[in-house]
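Chemist:
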Amino acid sequence: MNTTIVKPENLAAVNGMGNQDAKGIVYRTKELNLWYGDNHALKNINLDINENEVTAIIGPSGCGKSTYIKTLNRMIELVPDVKTSGEIEYRGRNIFQKGYGVEELRTKVGMVFQKPNPFPKSIYENVAYGPKIHGIKDKKILNQIVEKSLKGAAIWDEVKDRLHENAYGLSGGQQQRLCIARCLAIEPDVILMDEPTSALDPISTLKVEELVQELKKEYSIIIVTHNMQQAARISDKTAFFLNGEVIEYTETDKIFSNPTDKRTEDYITGRFG
Amino acid sequence: MKFIDHTKVLQKMKPRLAANLVFKFVFMAATAFALLVLGILLYRVITQGIGYLDWQFLQGLPSRNPEQAGVKTALIGTIWLMGVVTPVTLLLGVGTAIYLEEYAKKNKFTSFIQVNISNLAGVPSIVFGLLGLTVFVRALSLGTSVLAAGLTMSLLVLPIIIVSAQEAIRAVPKELREASYGMGATKWQTILRVVMPAAIPGILTGGILALSRAIGETAPLVVLGLPLFLAFLPKSVFDMFTVLPMQIYNWTGRPQEEFHAVAAAGIMVLLTMLIIMNSIAVFIRNKFTRRY
Amino acid sequence: MAIQETSKHVSIKELIEKKKQSKNKYIRSEKIVPFILLLTAIISVLTTIGIVATLLAETFTFFTHVSITEFFTSQKWYPFSETQGSFGILPLISGTLKVALIAAIVAVPIGLASAVFLSEYASDRTRRIVKPILEVLAGIPTIVYGFFALTFVTPILRDIIPALEIFNALSPGIVIGIMITPMIASLSEDAMSSVPKAMREGAYALGATKLEVAMKIVIPAAISGIIASIVLAVSRAIGETMIVAVAGGSTPNLSWDVTSSIQTMTAYIVQVSQGDAGYGTTIYYSIYAVGFTLFIFTLLMNLLAQFISKRFREEY
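Written out as structure tokens, the structure is:
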């Protein structure tokens, strides 16, 4: 077992700089296994994720990093023929537990996808969609939510004059920030980001990265990326996945400067992947 | 400032999930209803008709007496009709499809032909009957012959075969064509020896579907004036004839219950033919579907 | 070894050279073939021209016997009466629309509900089994549905509604509805399935239920395809012949009553075709005038369906 689990109690000691006190754990993954049909995609994953941090998940294509993040809000169940074993505790409660509604989980755990996927509606309606389905009908409150969310996603100034135009008129980078705003509108606890900048140009990427830094003050963020520089720039902790296993999970500074595992080193130095 | 109260959201979740469940069953029930109707229809036809369906029924000529009535003339007539429709639609349909996919330039005329074909598919079948009556029965003096009916039906089902042949041709990968051109083959050689063999399963499937539409249609033939009752068999394509749907229509229209049962037996014969044809189509599709 | 190969190579070249002479034949066919194929393609255009020309010419003759005003405004359709014959198409149109409306009332909810079930709720396996069965339902000859309407649906309805006549608008209307349901279900399902998965994921990730995703994301995104499928299906209902000819009756009347015998445009054409109306009589020409009206109705609806699906096509 090569998995390095940094227990939260050790964390404050290990990570002396910046972290004022021991942080709570949002997600605790225990012995998670996942199969697509016969394909064993995730193998014995054990991973604790802290609140108000950015946790990056890196690894070569097909290593299971996207699968893992989609398991955290059970989006993976939209794929037919998926089986899981083990537990994922979100705020102390196993999300696979019978009676735990996926809808309930997903109102607390927002997600941003690889490609921007706004709805074919106006910018306003895109952001208001979540609050509306969750029963908020008051127009005034909706207006406030839309403004707050768009500001939170650093796109308000660009779209405030055309809130009722179709979201498809925005550029790719703007669409992705709109999707982030859409996710903020339901005031989640955690935001999952599945390679959110892979379809964006460098300038849009930079904007999203700055935004992530801003958002971590209020939210816990888990971000999948195949861009190692990005992980190094924005994350507090990094997990390296390979062939469905966690090879190394520790402070980002440490994993990039002084990896313990040979395979992590090989990947980081660009020897494969 | 927080606008969303997650405990409230949680409270509201229950009715939303309940609505989801209720509607899931409503949607499922609607789908089940459509399938149930098919089941009832088949059950009714079989229980009504099975008593009359025997060798004598297939061999018998139409009769005033339901016990002796048979479908021989209509069944043979339907086969004659297939004999005309098959070559005509295959020739015209595949020819049109090859032209549109391989030769036609992307211009207004081509898109006009294309729009025309899709509109033709939406013209009610009875209107084709009026066309056939004027052009084939009267102007060309073919009368209510196999040929007149066959040509009318061919025009009716032409859009079906054109569209499916086009899809089949379009599905042949460009690489195969390029490989053929790369060896110096001409366009027609490429079409004949590379494109057609690859497209033939799709074309045949479409052809069978078109043919099954043609042998199930009644309305245009009523307009052409095909007899509802005929005691002799056609000897050539210029002879008068009748077909299964016409015979069924005739029996259905009779007031006596017994004839309704005879009609049901006739429907069983017709549906059996259609099932056989469709099974062949499914078989061809599964057997020869190539994955490039 | 090397020498052998070159000699082989040369011989193939020679063969090709030899063949080139006979290739003239190919070159000729290269030129003739597209021309022949063009001719086959033109047949479909000629069919349309033939339909329009036939209907126009015979309808024109009809209007030399009967005035256009009478045709469009008279509320009576009594073609067979020698003395008080009247050719007002409104009763036939009313019969047609009544039946089409009943069919739509049956088919639209059931068809759309099935489409939502198949595209949003059903597993892949269920979908793979159910869709072909629906296509079978769509492939059953209409005379079979007519038989079903007359011998099964009408008796049941007469048990429920004693005032219902043997021939009525309700029974064929319902059965046509059943006939066009698979068309709406299948075409709408196609439209819903082509809504990108990413869009559904976006909504699911916000905690939406399947119902909310279907109603607020998928249906709005697929609405043009859905409406087009309904328009096409209603057009099919308007042109449907055998079900109404068998179960609808032959009493044209201008009313909203669905329990009594009616006659649709198509059923009238059938009635005349089966009768002994001689060539050249007013009645003979009247079927073309009625057919032309029917053709215009369905053509407009088909064009509308094409317009909707082109004009409002969503670009994802």
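Protein chains in written order, with UniProt numbering: chain A, 1 to 273; chain B, 1 to 292; chain C, 1 to 316. Yeah, the Cβ is synthetic: ideal placement off N, Cα and C, and Gly gets one too. Fair warning: this is a prediction, and the values are worked out from it, not measured in the lab.
Check whether the Cβ of C/M183 lies closer than 8 Å to any Cβ atom in chain B.
Modeler: Numbered from its first residue, the third sequence carries residue 183 of chain C at position 183. By this cut-off, C/M183 is not an interface position.
Chemist: Let me know the secondary structure DSSP gives A/R91 once reduced to three states.
Modeler: On the first sequence, residue 91 of chain A is found 91 positions in, with the first residue counted as 1. It is coil, neither helix nor strand.
Chemist: Below 7 Å on C-beta distance, what does C/D124 contact in chain A?
Modeler: What you label residue 124 of chain C is simply residue 124 of the third sequence in a count that begins at 1. Near C/D124 (Cβ distances below 7 Å), the residues of chain A are P80.
Chemist: What do you get for C/Q263, buried or exposed, if any count of 16 or more other CB atoms within 10 angstroms of its CB means buried?
Modeler: Numbered from its first residue, the third sequence carries residue 263 of chain C at position 263. By the neighbour-count rule (16 or more Cβ atoms within 10 Å), C/Q263 is buried.
Chemist: For a test of the three-state rule: what should DSSP assign to A/K43, helix, strand or coil?
Modeler: On the first sequence, residue 43 of chain A is found 43 positions in, with the first residue counted as 1. Three-state DSSP puts A/K43 in a strand.
Chemist: Got a sec? Which residues, its chain only, sit under 8 Å from A/E209 by beta carbon, not counting five neighbours each side?
Modeler: Looking up residue 209 of chain A in the first sequence gives position 209. Result list for A/E209: T197, Q230, R233, I234, in chain order.
Chemist: Apart from the five residues on each side of it in sequence, which residues of its chain come closer than 7 Å, Cβ to Cβ, to A/R263?
Modeler: Within the first sequence, residue 263 of chain A is the residue found at index 263, counting from 1. Same-chain partners within the cutoff: L242, I247.
Chemist: What does the alpha-carbon distance come out to for the pair B/L36 and B/V237?
Modeler: Taking the second sequence and counting its residues from 1, one reaches residue 36 of chain B at position 36. Taking the second sequence and counting its residues from 1, one reaches residue 237 of chain B at position 237. Between B/L36 and B/V237, the C-alpha separation is close to 41 Å.
Chemist: Taking 8 Å as the CB-CB cut-off, is A/N52 touching chain C?
Modeler: As a first step, residue 52 of chain A is located in the first sequence; it is residue number 52 there, counting from the start. No - not a single Cβ of chain C is within 8 Å of the one on A/N52.
Chemist: Would you mind working out which of C/P162, C/T48, C/Y288, C/A221 sits nearest C/E58, comparing C-alpha positions?
Modeler: Locating residue 58 of chain C in the third sequence gives position 58, where the first residue counts as 1. Minimum Cα distance to C/E58 is reached at C/Y288.
Chemist: Bridge partners for A/G110 per DSSP, in chain order?
Modeler: Locating residue 110 of chain A in the first sequence gives position 110, where the first residue counts as 1. DSSP output for A/G110 lists A/I191 as bridge partner(s).
Chemist: With 8 Å set as the bound, which would you pick, yes or no: does the beta-carbon of C/M199 sit closer than that to a beta-carbon of chain A?
Modeler: Locating residue 199 of chain C in the third sequence gives position 199, counting from the first residue. Chain A, which has a Cβ nearer than 8 Å to the Cβ of C/M199, makes this yes.
Chemist: Report yes or no: is there a C-beta of chain A within less than 8 Å of the C-beta of B/K287?
Modeler: Mapped onto the second sequence, residue 287 of chain B falls at position 287. No, B/K287 does not count as interfacial toward chain A.
Chemist: Give the residues from the region 245-270 of chain B that approach chain C closer than 8 Å (Cβ to any Cβ), ordered along the chain.
Modeler: Cβ contacts with chain C come from P245, I248, Y249, T252, G253, H260, A263, A264, I267, L270.
Chemist: Quick check on C/G207: does DSSP put it in helix, strand or coil?
Modeler: Position 207 of the third sequence holds residue 207 of chain C. Three-state DSSP puts C/G207 in coil, outside helix and strand.
Chemist: Report buried or exposed for A/Y27, applying the criterion of at least 16 other Cβ atoms within 10 angstroms of its Cβ.
Modeler: For the purposes of this step, residue 27 of chain A is taken as the residue at position 27 of the first sequence. So A/Y27 counts as buried.
Chemist: What residues of chain C sit near A/Y124, judged by a beta carbon separation below 7 Å?
Modeler: Taking the first sequence and counting its residues from 1, the one referred to as residue 124 of chain A is at position 124. The premise fails here: A/Y124 is roughly 15 Å from chain C at the closest Cβ pair, so nothing lies under 7 Å.
Chemist: So if DSSP puts A/W35 in a beta bridge, which residue, or which two residues, is it bridged to?
Modeler: Numbered from 1 along the first sequence, position 35 holds the residue referred to as residue 35 of chain A. A/W35 is bridged to A/H40, A/K83.
Chemist: Chain A partners of B/F3, CB-CB under 8 Å?
Modeler: Translated into positions along the second sequence, residue 3 of chain B becomes position 3. Within 8 Å Cβ-Cβ: P131, I136, I141, Q144, I145, K148, E187.
Chemist: Count the CB pairs spanning the region 133-144 of chain C and the region 219-234 of chain C that are closer than 8 Å, and state whether there are at least three.
Modeler: The region 133-144 of chain C vs the region 219-234 of chain C: no contact.
Chemist: Which whole runs of the alpha helix (DSSP H) in the region 73-138 of chain B are 4 residues long or more, in chain order?
Modeler: Counting only unbroken stretches of 4 or more residues, the alpha helix (DSSP H) elements lying wholly within the region 73-138 of chain B are 108-121, 125-132, in sequence order.
Chemist: Check the C-beta distance from A/I191 over to A/V112 and give it rounded, since I have them as a contact under 8 Å.
Modeler: Position 191 of the first sequence, counted from the start, is the residue given in the question as residue 191 of chain A. Position 112 of the first sequence, counted from the start, is the residue given in the question as residue 112 of chain A. About 7 Å separates the two Cβ atoms, so the contact holds.
Chemist: In this structure, what does DSSP give as the bridge partners for A/W156?
Modeler: Locating residue 156 of chain A in the first sequence gives position 156, counting from the first residue. Partner(s): none; A/W156 has no beta bridge.
Chemist: Note the first and the last residue of the continuous alpha helix (DSSP H) segment covering B/A149.
Modeler: Mapped onto the second sequence, residue 149 of chain B falls at position 149. From DSSP, the alpha helix (DSSP H) with B/A149 extends over 146-170.
Chemist: With a floor of 4 residues, list each alpha helix (DSSP H) that falls wholly inside the region 31-75 of chain B, ordered by position along the chain.
Modeler: 55-59
Chemist: Say whether chain B places a C-beta atom closer than 8 Å to the C-beta of C/F147.
Modeler: Position 147 of the third sequence, counted from the first residue, corresponds to residue 147 of chain C. So yes, C/F147 belongs to the interface.
Chemist: Does C/L112 have its Cβ less than 8 Å from a Cβ in chain A?
Modeler: Start at 1 with the first residue of the third sequence, and residue 112 of chain C comes out as number 112. With 8 Å as the cut-off, C/L112 does not count as an interface residue toward chain A.
Chemist: At a Cβ threshold of 8 Å, is B/L91 touching chain C?
Modeler: The residue given as residue 91 of chain B occupies position 91 in the second sequence. Cβ-Cβ to chain C under 8 Å: yes for B/L91.
Chemist: Using 10 angstroms around the beta-carbon of B/P201, count the other beta-carbons present and answer buried if the total reaches 16, otherwise exposed.
Modeler: Here residue 201 of chain B refers to the residue found at position 201 when the second sequence is read from its first residue. Buried: at least 16 other Cβ atoms inside 10 Å.
Chemist: Anyone know if the C-beta pair for C/F71 and C/F87 falls short of 8 Å?
Modeler: Looking up residue 71 of chain C in the third sequence gives position 71. Looking up residue 87 of chain C in the third sequence gives position 87. Yes, the Cβ-Cβ distance between C/F71 and C/F87 is below 8 Å.
Chemist: Comparing alpha-carbon positions, which option in A/K207, A/A181, A/M228, A/T250 lies nearest A/G110?
Modeler: Residue mapping note: residue 110 of chain A aligns to position 110 of the first sequence, counting from 1. It is A/A181 whose Cα lies nearest to the Cα of A/G110.
Chemist: How is B/D239 classed by DSSP in three states: helix, strand or coil?
Modeler: Stepping through the second sequence from its first residue, residue 239 of chain B is reached at position 239. Three-state DSSP puts B/D239 in coil, outside helix and strand.
Chemist: My understanding is that A/L32 touches A/G92, with C-beta atoms under 8 Å, so please give their C-beta distance in whole angstroms.
Modeler: In the first sequence, residue 32 of chain A corresponds to position 32, counting from 1. In the first sequence, residue 92 of chain A corresponds to position 92, counting from 1. 16 Å between Cβ atoms; not a contact.
Chemist: Who are the neighbours of A/E103 on chain C, taking C-beta pairs under 8 Å?
Modeler: Numbered from 1 along the first sequence, position 103 holds the residue referred to as residue 103 of chain A. Against chain C, the beta carbon of A/E103 has neighbours under 8 Å at G207, A208, T209, listed in chain order.
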